Amino acid sequence: MNKQVPHDKSLDNSLTLMQEGYLFLGNRMKEYGTDLFEARLLGQQVICMSGEEAAKKFYNPELFQRKGAAPKRVQKTLFGQNAIQTMDGDAHIHRKILFLSLMTPAEEKNIGNMVAKAWEDKIAEWEQAESIVLFEEAKELLCRVACEWTGVPLDEEEVKIRADDFAAMVDAFGAVGPRHWKGRKARTRAEDWITGLIEDVRSGERAVEDETALYEMAFYQTPDGDQLDAHMAAVELINVLRPIVAISTFITFAAVALFDHPEEKEKLRQGGEEYLDMFVQEVRRFYPFGPFLGARVKKEFEWKGCIFKEGQLVLLDMYGTNHDERIWDQPFYFNPERFRHHPENLYDFIPQGGGDPKKGHRCPGEGITVEAMKASIEFLVDKIDYDIPDQDLSYSMARMPTLPESGFVMSNVRRKA
Ligand code: HEM
Numbered sequence: 016m017n018k019q020v021p022h023d024k025s026l027d028n029s030l031t032l033m034q035e036g037y038l039f040l041g042n043r044m045k046e047y048g049t050d051l052f053e054a055r056l057l058g059q060q061v062i063c064m065s066g067e068e069a070a071k072k073f074y075n076p077e078l079f080q081r082k083g084a085a086p087k088r089v090q091k092t093l094f095g096q097n098a099i100q101t102m103d104g105d106a107h108i109h110r111k112i113l114f115l116s117l118m119t120p121a122e123e124k125n126i127g128n129m130v131a132k133a134w135e136d137k138i139a140e141w142e143q144a145e146s147i148v149l150f151e152e153a154k155e156l157l158c159r160v161a162c163e164w165t166g167v168p169l170d171e172e173e174v175k176i177r178a179d180d181f182a183a184m185v186d187a188f189g190a191v192g193p194r195h196w197k198g199r200k201a202r203t204r205a206e207d208w209i210t211g212l213i214e215d216v217r218s219g220e221r222a223v224e225d226e227t228a229l230y231e232m233a234f235y236q237t238p239d240g241d242q243l244d245a246h247m248a249a250v251e252l253i254n255v256l257r258p259i260v261a262i263s264t265f266i267t268f269a270a271v272a273l274f275d276h277p278e279e280k281e282k283l284r285q286g287g288e289e290y291l292d293m294f295v296q297e298v299r300r301f302y303p304f305g306p307f308l309g310a311r312v313k314k315e316f317e318w319k320g321c322i323f324k325e326g327q328l329v330l331l332d333m334y335g336t337n338h339d340e341r342i343w344d345q346p347f348y349f350n351p352e353r354f355r356h357h358p359e360n361l362y363d364f365i366p367q368g369g370g371d372p373k374k375g376h377r378c379p380g381e382g383i384t385v386e387a388m389k390a391s392i393e394f395l396v397d398k399i400d401y402d403i404p405d406q407d408l409s410y411s412m413a414r415m416p417t418l419p420e421s422g423f424v425m426s427n428v429r430r431k432a
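So the number in the working numbering is just where the residue sits in the sequence shown, counting from 1, plus 15.
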């Protein structure tokens, strides 16, 4: 145990973590007046850290590795076992280039256009419905777009079950009990489905266009020149499909932001592409989605008087860094304007991880996320009018991941004249 850094005295904080959720790390940082403390958590001695400097350390591959960091329960629901998230070194970079090669700026725009069109196609149906739940609609719409973009065939009758399965994997990441088991079942079903598809593509039974994610995952070769086994290729293809569906969470929060700050609609109409971008960034900063990240110390080092022992688990507070007063003025205030002059920085704004995505684990899907959100916000602001009936839009800070209780119900939807 480090004597020089604050140490939480509790025998184990796992229960408190479940109770405080996104605020657990930040609450302790505030209490100890520090951005680094040690605690017993998840049955081990863990170092918790927050802020830009901490993120810089965390993304130094000489100091940290991912091997052994992600709990099995997270691999069996959210990531898939032994997937890119758990890899290190050259093998990781090689696999990462595969993901990044799919997500070129042109493809990001392409997805944005697909999302925009898919929303427009919904209007006629919504005009006939009494009300719709935006989160549910976004999940299914993004599932269709994700499958079309990756080359994965999807029958209309399948959309709901597949969308629900991808969402259940995400919903399980901070869960114990039934939510965890639902996520596991969803993963098994999705892996069976996609493994079969990879096998069919490899055997030539199913034709697929090259340059789609389905093709690239099916025929990717590791640095040793081997193909992934069909199951592993499926796990990695699901690492493209699932997170596209997960953008539904940010879209739902964007709708909440428009409701809570009605003046933003006019600013978006007047502000062009620049303001739309600022609004999207503020939604990703302000609302809770990813709480923290974990890595293990690769070789012992000392920082800020704290010895980081080889093999020790270290958590980086993503939510806390995105609400760090040293970086953000009035961080708990929703204000897209803060992004007008915010300098590019790889470590201070980390809703999808930090550092350079080509060199480390930062999310390769940020461009896709931003484009899909932009298309959705433009749709909500410019293409339709709607009423927002009484509902519970609050979201729990203890539940990880969280979501507005009602999922954002809209009624009396009509096409804008
Ligand atoms: C990694 C968040 C969307 C694919 C990550 C990480 C986070 C994250 C926090 C981990 C970073 C780290 O370990 O350092 C999100 C959020 C999204 C989103 C909140 C919005 C819903 C996407 C999209 C894709 C994607 C749209 C692909 C189409 C991945 C992959 C990784 C990853 C493959 C693993 C990267 C690696 O380990 O090198 N994401 N992501 N994500 N994300 Fe995303």
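Note that the Cβ used here is the ideal one computed from N, Cα and C, for glycine as well.
In this text, all values refer to a predicted model and were calculated from it rather than measured experimentally.
(request) Pick helix, strand or coil for residue 372, following the three-state DSSP scheme. (result) The count along the sequence shown starts at 1 and reaches residue 372 at position 357. Looking at residue 372 - three-state DSSP - the assignment turns out to be coil, as it is neither helix nor strand.
(request) With DSSP collapsed to three states, give me the class of residue 357. (result) To locate residue 357, count along the sequence shown from 1; it is residue 342. Three-state result, residue 357: coil.
(request) Kindly examine the ligand HEM and report whether one of its heavy atoms sits closer than 8 Å to the Cβ of residue 264. (result) In the sequence shown, counting from the first residue as 1, residue 264 sits at position 249. True, at least one ligand heavy atom lies under 8 Å from that Cβ.
(request) State the beta-bridge partners of residue 79 as determined by DSSP. (result) On the sequence shown, position 64 is the one that residue 79 refers to. For residue 79, which the question treats as bridged, DSSP gives the partners 312.
(message) Going by beta-carbon coordinates alone, are residue 313 and residue 60 separated by less than 9 Å?
(response) In the sequence shown, counting from the first residue as 1, residue 313 sits at position 298. In the sequence shown, counting from the first residue as 1, residue 60 sits at position 45. Going by C-beta atoms, residue 313 is not nearer than 9 Å to residue 60.
(request) Determine, using beta carbons only, whether residue 379 and residue 118 come nearer to each other than 9 Å. (result) As a working note, residue 379 is residue 364 in the sequence shown. As a working note, residue 118 is residue 103 in the sequence shown. Taking 9 Å as the Cβ cut-off, residue 379 and residue 118 qualify as a contacting pair.
(request) Please name the residue, chosen from 335, 357 and 356, that lies closest to residue 347 on a Cα-to-Cα basis. (result) As a first step, residue 347 is located in the sequence shown; it is residue number 332 there, counting from the start. Residue 335 is the option with its Cα nearest to residue 347.
(message) Per the DSSP calculation, residue 366 is bridged to which residue(s)?
(response) Residue 366 sits at position 351 when you count from the first residue of the sequence shown. Per DSSP, 368.
(message) Can you look up residue 403 in the DSSP assignment and give me helix, strand or coil?
(response) Sequence index remark: in the sequence shown, residue 403 carries index 388 (1-based). The answer is coil: DSSP assigns residue 403 none of H, G, I, E or B.
(request) Compare the beta carbon distance of residue 70 and residue 363 with 9 Å and say whether it is the shorter of the two. (result) Numbered from 1 along the sequence shown, position 55 holds the residue referred to as residue 70. Numbered from 1 along the sequence shown, position 348 holds the residue referred to as residue 363. It is a contact, given that the beta carbons lie within the stated cut-off.
(request) Classify residue 294 as helix, strand or coil using the three-state DSSP reduction. (result) Counting from one through the sequence shown, the residue named residue 294 turns up at place 279. Of the three classes helix, strand and coil, the one that applies to residue 294 here is helix, per DSSP.
(request) Confirm the yes/no value for this check: CB of residue 333, any heavy atom of the ligand HEM, distance under 8 Å. (result) On the sequence shown, position 318 is the one that residue 333 refers to. Yes, the Cβ of residue 333 comes within 8 Å of a heavy atom of the ligand HEM.
(message) Please state the DSSP three-state secondary structure of residue 28.
(response) As a working note, residue 28 is residue 13 in the sequence shown. Here residue 28 sits in coil by DSSP.
(request) Flag residue 118 as yes when its Cβ comes closer than 8 Å to any non-hydrogen atom of the ligand HEM, and as no otherwise. (result) On the sequence shown, position 103 is the one that residue 118 refers to. Yes, Cβ of residue 118 sits closer than 8 Å to a heavy atom of the ligand HEM.
(request) Evaluate residue 241 with the Cβ neighbour count: other Cβ atoms within 10 Å of its Cβ, from every protein chain shown; 16 or more gives buried, anything less gives exposed. (result) Taking the first residue of the sequence shown as position 1, residue 241 is located at position 226. When all chains shown are included, residue 241 counts as exposed.
(request) In the DSSP assignment, find the beta strand (DSSP E) that holds residue 332 and state where it starts and stops. (result) Stepping through the sequence shown from its first residue, residue 332 is reached at position 317. Unbroken beta strand (DSSP E) run through residue 332: 328-332.
(request) Going by CA-CA distance only, name the one from 394, 74, 293 and 230 that's closest to residue 215. (result) If you number the sequence shown from 1, residue 215 lands on position 200. Cα-wise, what sits closest to residue 215 is 230.
(message) Taking the alpha-carbon of residue 423 as reference, which of 402, 31, 430 and 429 has the nearest alpha-carbon?
(response) Translated into the one-based positions of the sequence shown, residue 423 becomes position 408. Closest by alpha carbon: 402.
(request) Tell me whether residue 85 is buried or exposed, calling it buried when 16 or more other Cβ atoms sit within 10 Å of its Cβ. (result) As a first step, residue 85 is located in the sequence shown; it is residue number 70 there, counting from the start. Per the 10 Å Cβ criterion, buried.
(request) Evaluate contact between the region 259-267 and the region 153-168, counting only Cβ atoms and requiring at least three cross-stretch pairs below 8 Å. (result) yes
(message) Just verifying my parser: in three-state terms, what is the DSSP assignment at residue 254?
(response) Taking the sequence shown and counting its residues from 1, the one referred to as residue 254 is at position 239. Correct three-state label for residue 254: helix.
(request) Take the Cβ of residue 110 as the centre, count every other Cβ of all protein chains shown within 10 Å, and call the residue buried at 16 or more, exposed below. (result) Along the sequence shown, read from residue 1 onward, the residue named residue 110 stands at position 95. Classification of residue 110: buried, given that the 10 Å Cβ count is 16 or more.
(message) Looking at the strands, I want to know which residues DSSP matches up with residue 425.
(response) The residue labelled residue 425 in the question sits at position 410 within the sequence shown. 147, per the DSSP bridge assignment.
(message) Could you check whether residue 146 and residue 426 sit closer than 9 Å to each other, using their CB atoms as the reference points?
(response) Sequence index remark: in the sequence shown, residue 426 carries index 411 (1-based). Sequence index remark: in the sequence shown, residue 146 carries index 131 (1-based). Going by C-beta atoms, residue 426 is nearer than 9 Å to residue 146.
(message) Considering only the alpha carbon of each residue, which of 331, 238, 197 and 35 lies closest to residue 412?
(response) On the sequence shown, position 397 is the one that residue 412 refers to. For the residues 331, 238, 197 and 35, the minimum Cα distance to residue 412 belongs to 35.
(request) Could you please give me the residues that DSSP links to residue 55 through a beta bridge? (result) Here residue 55 refers to the residue found at position 40 of the sequence shown. Answer by DSSP bridge pairing, in chain order: 60.
(request) Return yes when at least one heavy atom of the ligand HEM lies under 8 Å from the C-beta of residue 337, else no. (result) Walking along the sequence shown from the start, residue 337 turns up at place 322. For the ligand HEM, not one heavy atom lies less than 8 Å from the Cβ of residue 337.
(request) Please state whether DSSP places residue 65 in a helix, a strand or coil. (result) Taking the first residue of the sequence shown as position 1, residue 65 is located at position 50. Strand, per DSSP.
(request) Could you check what DSSP says for residue 142 in three-state terms: helix, strand or coil? (result) Counted from its first residue, the sequence shown places residue 142 at position 127. Helix, per DSSP.
(request) Would you kindly work out how many angstroms separate the C-alpha atoms of residue 277 and residue 260, rounded to a whole number? (result) Indexing the sequence shown from 1 puts residue 277 at position 262. Indexing the sequence shown from 1 puts residue 260 at position 245. Cα to Cα, the separation comes out at about 26 Å.
(request) Can you give me the Cβ contacts of residue 152 inside the same chain, cut-off strictly under 6 Å, excluding the 5 residues immediately before and after it? (result) Position 137 of the sequence shown holds residue 152. No residues qualify anywhere along the chain.
(request) Give every residue of the same chain whose Cβ lies closer than 7 Å to the Cβ of residue 272, excluding the five residues on either side of it in the sequence, and list them in chain order. (result) Counting from 1 along the sequence shown, the entry for residue 272 is found at position 257. So the qualifying residues of the chain are 279, 298 and 349.
(request) Excluding the 5 residues preceding and the 5 following residue 124 in the sequence, name in chain order all residues of the same chain whose CB lies nearer than 8 Å to its CB. (result) In the sequence shown, the residue the question calls residue 124 occupies position 109. 386.
(message) For the ligand HEM, is there any heavy atom lying closer than 8 Å to the beta carbon of residue 379?
(response) As a first step, residue 379 must be located in the sequence shown, where it is residue number 364. Residue 379: yes, Cβ under 8 Å from the ligand HEM.
(request) Could you please give me the residues that DSSP links to residue 209 through a beta bridge? (result) As a working mapping, residue 209 is identified with position 194 in the sequence shown. Answer is none; residue 209 lacks a bridge partner.
(message) If you reduce the DSSP assignment to three classes, tell me which class residue 340 lands in.
(response) Taking the first residue of the sequence shown as 1, we reach residue 340 at position 325. Residue 340: coil per DSSP, three-state reduction.
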